[in-house]
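Data block below; observations after.
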Amino acid sequence: MDFDLRQLKAFVCVVDHSGFGAASKVLHLSQAAVSERIARLEDAVGMRLLDRNPREIRTTSVGRRFYTLARQLLDHGAAISLELEELAGVVRGSLNIGASNIPGEYILPALLPRFCADYPQIELNLRIHDSAEIIDQVRKGEVEVGIVGSRPPGKQFAIEQLWQDRLLLVVQRGHRLSGRKRVGVKEIAQEAFIMREEGSGTRKLLEAVFSAHAIDLPPVTATLSSTTAVKEAVNAGLGITLLSERAVRKEVAAGLLAVVELHGLRFERNFLLITDRHRTLSPLCNRFIGYLRECYTKDPG
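Take a look at the structure:
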């Protein structure tokens, strides 16, 4: 079979973006050039890989299998290129990282400057979403590594435990619970809660704890998709919430928010580093993971 990486890249891009038009923009080629590369690839393979009609592009049964192989070849090609550059003493390339809100906003920003200073020729891209979205991006290969607050399902992922995180019950300063030393879980179940979105690791932990105590979830006054928005809503008196200790340190120290201790109950978790065990990680990604391990060893809390 006589095909090249440019043809494979065009095919993968068309599948990923569900059409020639979108793929041509990503590849900075004309639609005709992309179509020609796909046609030459199909000629080389000797089988049709895509079914084309005016409304949509679909992979054939052969195309679906070939897509997986093409992805693997492109991943290996990129890894080989980076390995050769490392042999020449150069570390360059781009690294796509995904993180859920707390590690993305309160842990990684303090760690990235040193890594980027050690490797000034790299381009590092950090995507911050809820845990479910980051898990999905690792699954699709959109990011090489993710740091999330909830465990992904299935056996596709390699999982490594990193920093510990404690979640605190946070209320508005002056709230009726703010002066109490401790309250029980049944009492807070009567309060109006501000929740994170469905895919959030924080929300999943809260739901699991209430379920373990056979207590119905508290009434939800608002569902917000960012930690900052949740803090502002609590401060405005919209309700109470559960937030990472890392996220509220400054506000609690400044007296803007209050923390209420829960009797006999601690909300704790570990952030998890996840990769797709079926994909070959780039040398740059492996270096970044090694750097995170080093940082975790020095400061696990």
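Counting in the working numbering, the sequence shown runs from 1 upward without gaps. Glycine is no exception: its CB is placed at the ideal position from the N, C-alpha and C atoms.
N-terminal and C-terminal residue of the alpha helix (DSSP H) that residue i is part of
{"i": "L325", "result": "Nothing about residue 325 can be read from this structure; the chain reaches only from 1 to 301."}
{"i": "E36", "result": "Q31 to V45"}
{"i": "S94", "result": "Looking at the DSSP string, S94 is not in any alpha helix (DSSP H); the run it does join, the beta strand (DSSP E), is G93 to A99."}
{"i": "A229", "result": "T227 to N235"}
{"i": "R127", "result": "It is not in any alpha helix (DSSP H) - R127 instead sits in the beta strand (DSSP E) that spans I122 to I128."}
{"i": "F288", "result": "P283 to K298"}
{"i": "I135", "result": "S131 to K140"}
{"i": "V145", "result": "Looking at the DSSP string, V145 is not in any alpha helix (DSSP H); the run it does join, the beta strand (DSSP E), is V145 to V148."}
{"i": "G21", "result": "F20 to L27"}
{"i": "T202", "result": "G201 to A212"}
{"i": "H113", "result": "The amino acid occupying residue 113 in the given sequence is Pro; His does not appear at that position. L108 to D118 is the extent of the alpha helix (DSSP H) around P113."}
{"i": "R6", "result": "L5 to D16"}
Residues that DSSP places opposite residue i in a beta bridge
{"i": "E261", "result": "R182"}
{"i": "N270", "result": "Q164"}
{"i": "A222", "result": "I194"}
{"i": "T241", "result": "V170"}
{"i": "L50", "result": "T59"}
{"i": "T275", "result": "A158"}
Range covered by the beta strand (DSSP E) that runs through residue i
{"i": "Q172", "result": "F157 to Q172"}
Cβ shell of residue i (< 6 Å), same chain only, five flanking positions each side left out
{"i": "S211", "result": "none"}
{"i": "P219", "result": "A192"}
{"i": "H302", "result": "Residue 302 lies beyond the range of the chain shown here (1 to 301); nothing can be said about it."}
{"i": "S200", "result": "D130"}
{"i": "G239", "result": "A192, F193, I194 and T221"}
{"i": "H227", "result": "It is worth fixing the name first, because residue 227 is Thr in this sequence and not His. The residues are N101 and A247."}
{"i": "H213", "result": "V185"}
Cut-off 7 Å between Cβ atoms - residues of its own chain near residue i, not counting five sequence neighbours on either side
{"i": "P109", "result": "none"}
{"i": "L256", "result": "R173 and N235"}
{"i": "R277", "result": "Q156, F157 and A158"}
{"i": "V183", "result": "L177, V260, L262 and H263"}
{"i": "A70", "result": "L8, F11 and V12"}
{"i": "E133", "result": "G199"}
{"i": "I215", "result": "V185, K186 and A189"}
{"i": "E105", "result": "I128 and T227"}
Contacting residues, own chain, Cβ-Cβ under 8 Å from residue i (five flanking each side not counted)
{"i": "R65", "result": "none"}
{"i": "H17", "result": "A23 and V26"}
{"i": "R176", "result": "none"}
{"i": "K313", "result": "Residue 313 is absent from the model: the chain starts at 1 and stops at 301."}
{"i": "R58", "result": "L50 and D51"}
{"i": "V209", "result": "V185, L265 and F267"}
{"i": "T280", "result": "Q72, D75, H76 and A79"}
{"i": "C295", "result": "L111"}
{"i": "E197", "result": "D130, R203, T223, L224 and S225"}
{"i": "R151", "result": "I159 and L272"}
Within-9 Å CB hit, residue i to chain B
{"i": "P120", "result": "Among the chains of the structure shown, chain B does not appear; only one protein chain is present."}
- Please confirm if the region 186 to 197 is in contact with the region 268 to 280, defined as three or more CB-CB distances below 8 Å between the two stretches. Look at the beta carbons and you see the region 186 to 197 not touching the region 268 to 280: under three pairs across the two are nearer than 8 Å.
- Query: Within the chosen definition, does the region 92 to 108 reach the region 43 to 57 through at least 3 CB pairs nearer than 8 Å?
  - Reply: no
- Message: Check whether the region 109 to 118 and the region 253 to 267 are in contact - that is, three or more C-beta pairs closer than 8 Å.
- Response: no
- Validate contact between the region 278 to 298 and the region 201 to 215 using beta carbons, cut 8 Å, 3 pairs: They do not touch, by the three-pair rule.
- Can we say the region 239 to 250 touches the region 131 to 144, given the rule of at least three CB pairs closer than 8 Å? no
- Quick one: any contact between the region 159 to 166 and the region 224 to 233, if contact means 3 or more CB pairs under 8 Å? no
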